[in-house]
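Peer 1: Below is one structure. I have some questions about it.
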Amino acid sequence: MKKKIIYGITTVLAISLLTGCGAAKLKNGEELVAKVDNYKISADDLYSEMKEKYAVKTLIDNIDHQLLDTTYKTDETETKAIENQIEEIKKTYGSNDQIFEQIIKQVYNVESVDELKSMLSLDYKRDLAIKDYVKEKVVTDEEVTTYYDTKVIGDVKASHILIKSNAKDSDSEETKTKKENEAKKKAEEIIKKLDNGEDFAKLAKKYSDDKGTASKGGNLGYFNMDDDFEENFVSAAAALKKGAYSKEPVKTKYGYEIILKVDEKDKKKKDDLESTIRQTLADEKIKEDSSTTTYYKRLRDWRESKGLKFEDKELKKMYDKYMKTLTKEDENE
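In terms of the working numbering, the sequence shown opens at residue 30 and continues consecutively.
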């Protein structure tokens with residue numbers, strides 16, 4: 030019964046009573062904050078119950094706010110992202126202000142739009158923190174080296190001849206297959222012309238369906254993996270020897286490509302690219318495992334990396350229990 034009475038006292042009232050002046054005292058010297066019939070509730074009782082019910086999540090949010098707000102200042106990108114999220118919420122539940130405020134209270138457990146923005150800002154910055162944590166603490170030096178050795182290339186200069194299949198979404202599967210085969214066959218015939226010594230630039234001007242480069246003999250200039258080219262296209266170009274062309278058509282979303290490698294620069298030093306490589310690998314890891322449990326594990330590990338410690342042993346136990354629930358680690362014990 031006593032617990033029910035305590036739970037019925039709101040947080041705001043409790044805090045105001047706890048911090049108020051002239052509070053009555055119980056015989057043991059504790060402050061009396063409420064009395065119902067024969068039940069008397071002390072400040073210590075209330076603090077203990079509030080700590081159990083409210084403190085862990087509130088404490089975590091406050092800790093994260095303190096850590097994140099100093100590291101990740103709110104900028105236009107964040108502001109725009111939050112505005113877009115709110116617009117999506119309004120599209121889902123309706124844009125009427127009064128109804129919207131009722132909805133966010135029920136769905137997001139916040140009292141105002143400003144409180145919703147604060148919550149979304151915290152989530153946004155948590156995502157940034159996780160990205161940086163994975164980049165610096167999860168991605169290993171060995172992974173960076175392997176990526177550099179196997180995937181990093183110098184800028185490649187190439188020309189290409191594109192043969193489109195011109196297949197349409199409305200085409201039947203049979204028609205699509207027929208058009209694909211015809212395009213591939215045409216590309217193979219052009220490769221035979223190259224084998225017979227015909228000039229690549231002239232063939233590009235005559236046959237390429239890429240009108241933006243055909244007039245230039247198919248010249249694409251220099252490019253690399255982070256440019257607007259499909260990875261398999263760049264990989265195929267990089268794999269060629271200087272002056273060589275692809276002996277088989279390279280399939281891309283645009284059609285079938287014949288690639289001539291004109292030149293390749295030396296790749297940049299690993300030290301100059303390490304930060305970029307780490308971010309790429311971090312993004313891949315986050316994408317590969319975006320589960321809620323992994324999200325909370327990384328948040329927990331990030332806090333620990335920032336030196337999180339608890340002076341209150343009871344709070345520490347509750348925090349550990351709370352995080353085990355979120356990460357589902359208690360299910361394995």
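We treat Cβ as the ideally placed atom computed from N, Cα and C, and that holds for glycine. Treat the numbers as computed from the prediction; the structure is a model and nothing was measured.
Do the region 184-196 and the region 245-263 make contact, defined as three or more Cβ pairs closer than 8 Å?
Peer 2: Yes, they touch.
Peer 1: How would you call Phe229, buried or exposed, if buried means at least 16 neighbouring beta carbons within 10 angstroms?
Peer 2: Your numbering for residue 229 matches position 200 in the sequence shown. Phe229 should be labelled buried.
Peer 1: Give me, in chain order, the residues of the same chain whose beta-carbon lies closer than 7 Å to that of Ala216; leave out the 5 immediate sequence neighbours on both sides.
Peer 2: Translated into the one-based positions of the sequence shown, residue 216 becomes position 187. Cβ within range, chain order: Ile192, Pro278, Tyr285 and Ile287.
Peer 1: With a Cβ-Cβ cutoff of 8 Å, do Trp331 and Ala196 count as a contact?
Peer 2: By one-based count along the sequence shown, residue 331 stands at place 302. By one-based count along the sequence shown, residue 196 stands at place 167. For Trp331 and Ala196, no; Cβs fall outside 8 Å.
Peer 1: Counting only runs that start and end within the region 133-184, where is the alpha helix (DSSP H) found for 4 or more residues in a row?
Peer 2: The region 133-184 contains these whole alpha helix (DSSP H) runs: 142-162 and 170-180.
Peer 1: Would you kindly check if the distance between the Cβ of Ser237 and the Cβ of Ala212 is under 8 Å?
Peer 2: Working through the sequence shown from its first residue, we reach residue 212 at position 183. Working through the sequence shown from its first residue, we reach residue 237 at position 208. No.
Peer 1: Contact between the region 314-333 and the region 148-163: three or more CB pairs below 8 Å?
Peer 2: Flag = yes, the region 314-333 and the region 148-163 touch.
Peer 1: Between which two residues does the beta strand (DSSP E) holding Asp292 run?
Peer 2: Here the question's residue 292 lines up with position 263 in the sequence shown. Element bounds for Asp292: Gly284 to Glu293.
Peer 1: Across the region 299-312 and the region 159-168, are there enough close Cβ pairs to call them in contact, namely three or more that are closer than 8 Å?
Peer 2: Yes, they touch.
Peer 1: So, at 6 Å on beta carbons, what are the nonlocal neighbours of Lys33 in its own chain, with the 5 sequence-adjacent residues on each side left out?
Peer 2: Sequence index remark: in the sequence shown, residue 33 carries index 4 (1-based). Here the model assigns Lys33 a pLDDT of 41, short of 50, so the residue's position is not dependable and the matter cannot be decided.
Peer 1: Tell me which residue opens and which closes the beta strand (DSSP E) that Gly250 is part of.
Peer 2: Within the sequence shown, residue 250 is the residue found at index 221, counting from 1. Start and end: Asn248 to Phe252.
Peer 1: From the DSSP output, in three-state form, read off Ala53 for me.
Peer 2: In the sequence shown, residue 53 corresponds to position 24, counting from 1. Confidence in Ala53 is poor, its pLDDT being 49 and thus under 50, which makes the residue's placement unreliable; the coordinate value appears in the next sentence. Three-state DSSP puts Ala53 in coil, outside helix and strand.
Peer 1: So, at 6 Å on beta carbons, what are the nonlocal neighbours of Met352 in its own chain, with the 5 sequence-adjacent residues on each side left out?
Peer 2: Here residue 352 corresponds to residue number 323 of the sequence shown, with the count starting at 1. Here the set comprises Arg329.
Peer 1: Thinking C-alpha only, which one of Ser320, Leu232 and Asp295 is nearest Val181?
Peer 2: The count along the sequence shown starts at 1 and reaches residue 181 at position 152. When each option's Cα is compared against that of Val181, the closest is Asp295.
Peer 1: Expressed to the nearest angstrom, what Euclidean distance is found between the alpha-carbon atoms of His444 and Met148?
Peer 2: Given a span of 30 to 362 for the chain in the structure shown, any question on residue 444 remains unanswerable.
Peer 1: Answer yes or no: do Ala448 and Lys234 have a C-beta to C-beta separation smaller than 8 Å?
Peer 2: One cannot answer for residue 448 here, as it falls past the ends of the chain, which runs 30 to 362.
Peer 1: Which residue comes first and which comes last in the beta strand (DSSP E) that contains Thr281?
Peer 2: For the purposes of this step, residue 281 is identified with residue 252 of the sequence shown, where counting begins at 1. Per DSSP, Thr281 belongs to the beta strand (DSSP E) from Val279 to Thr281.
Peer 1: Taking the C-alpha atoms as reference points, what is the distance between Val142 and Thr99?
Peer 2: Within the sequence shown, the letter at position 113 stands for residue 142. Within the sequence shown, the letter at position 70 stands for residue 99. Those two C-alpha atoms are separated by around 23 Å.
Peer 1: Tell me the rounded alpha-carbon separation between Tyr274 and Lys222.
Peer 2: Against the sequence shown, residue 274 aligns to sequence position 245. Against the sequence shown, residue 222 aligns to sequence position 193. Their backbone Cα atoms lie some 12 Å apart in a straight line.
Peer 1: By Cβ distance, which residues of its chain are closer than 7 Å to Ala265, with the 5 residues on each side in sequence left out?
Peer 2: As a working note, residue 265 is residue 236 in the sequence shown. The residues are Ser275, Val279 and Ile288.
Peer 1: For Val85, which residues in the same chain have their Cβ closer than 8 Å to its Cβ, ignoring the five residues on either side in sequence?
Peer 2: Within the sequence shown, residue 85 is the residue found at index 56, counting from 1. Around Val85: Leu344, Met347, Tyr348 and Tyr351.
Peer 1: When the distance is taken between beta carbons, is Ile92 closer than 8 Å to Leu337?
Peer 2: As a working note, residue 337 is residue 308 in the sequence shown. As a working note, residue 92 is residue 63 in the sequence shown. Taking 8 Å as the Cβ cut-off, Leu337 and Ile92 qualify as a contacting pair.
Peer 1: Using the three-state DSSP reduction, which class does Ser188 fall into: helix, strand or coil?
Peer 2: Here residue 188 refers to the residue found at position 159 of the sequence shown. Looking at Ser188 - three-state DSSP - the assignment turns out to be strand.
Peer 1: Between Asp178, Glu144, Ile111 and Leu145, which lies nearest to Lys297 when the distance is taken from Cα to Cα?
Peer 2: Indexing the sequence shown from 1 puts residue 297 at position 268. Lys297 has its Cα closest to that of Asp178, out of Asp178, Glu144, Ile111 and Leu145.
Peer 1: Please classify Gly247 as buried or exposed, where buried requires at least 16 neighbouring CB atoms within 10 angstroms.
Peer 2: Position 218 of the sequence shown, counted from the first residue, corresponds to residue 247. Answer is buried; the Cβ neighbour count reaches 16.
Peer 1: Once you ignore the five residues that flank Gly272 on each side, which residues in its own chain have a CB closer than 6 Å to its CB?
Peer 2: Numbered from 1 along the sequence shown, position 243 holds the residue referred to as residue 272. Hits under 6 Å: none found.
Peer 1: Quick check on the DSSP output: the alpha helix (DSSP H) that includes Ala266 runs from which residue to which?
Peer 2: In the sequence shown, residue 266 corresponds to position 237, counting from 1. Looking at the DSSP string, the run of the alpha helix (DSSP H) that includes Ala266 is Glu260 to Ala268.
Peer 1: Run through the DSSP bridge pairs and tell me what Tyr325 is partnered with.
Peer 2: As a position in the sequence shown, residue 325 is number 296, starting the count at 1. In the DSSP output, where bridge partners are listed per residue, Tyr325 has none listed.
Peer 1: Closest to Thr323 by C-alpha separation, out of Asp341, Lys160 and Tyr283, would be which residue?
Peer 2: Start at 1 with the first residue of the sequence shown, and residue 323 comes out as number 294. For Thr323, the nearest C-alpha among the options comes from Lys160.
Peer 1: Classify Tyr351 as helix, strand or coil using the three-state DSSP reduction.
Peer 2: By 1-based counting over the sequence shown, the position of residue 351 is 322. The answer is helix: DSSP assigns Tyr351 an H, G or I state.
Peer 1: If distances are taken between C-alpha atoms only, which option among His189, Glu171, Val139 and Asp292 comes closest to Phe258?
Peer 2: Mapped onto the sequence shown, residue 258 falls at position 229. The option with the nearest alpha carbon to Phe258 is His189.
Peer 1: What is the rounded straight-line gap between the Cα of Leu46 and the Cα of Lys146?
Peer 2: Taking the first residue of the sequence shown as position 1, residue 46 is located at position 17. Taking the first residue of the sequence shown as position 1, residue 146 is located at position 117. Confidence in Leu46 is poor, its pLDDT being 38 and thus under 50, which makes the residue's placement unreliable; the coordinate value appears in the next sentence. Roughly 29 Å separates the two Cα atoms.
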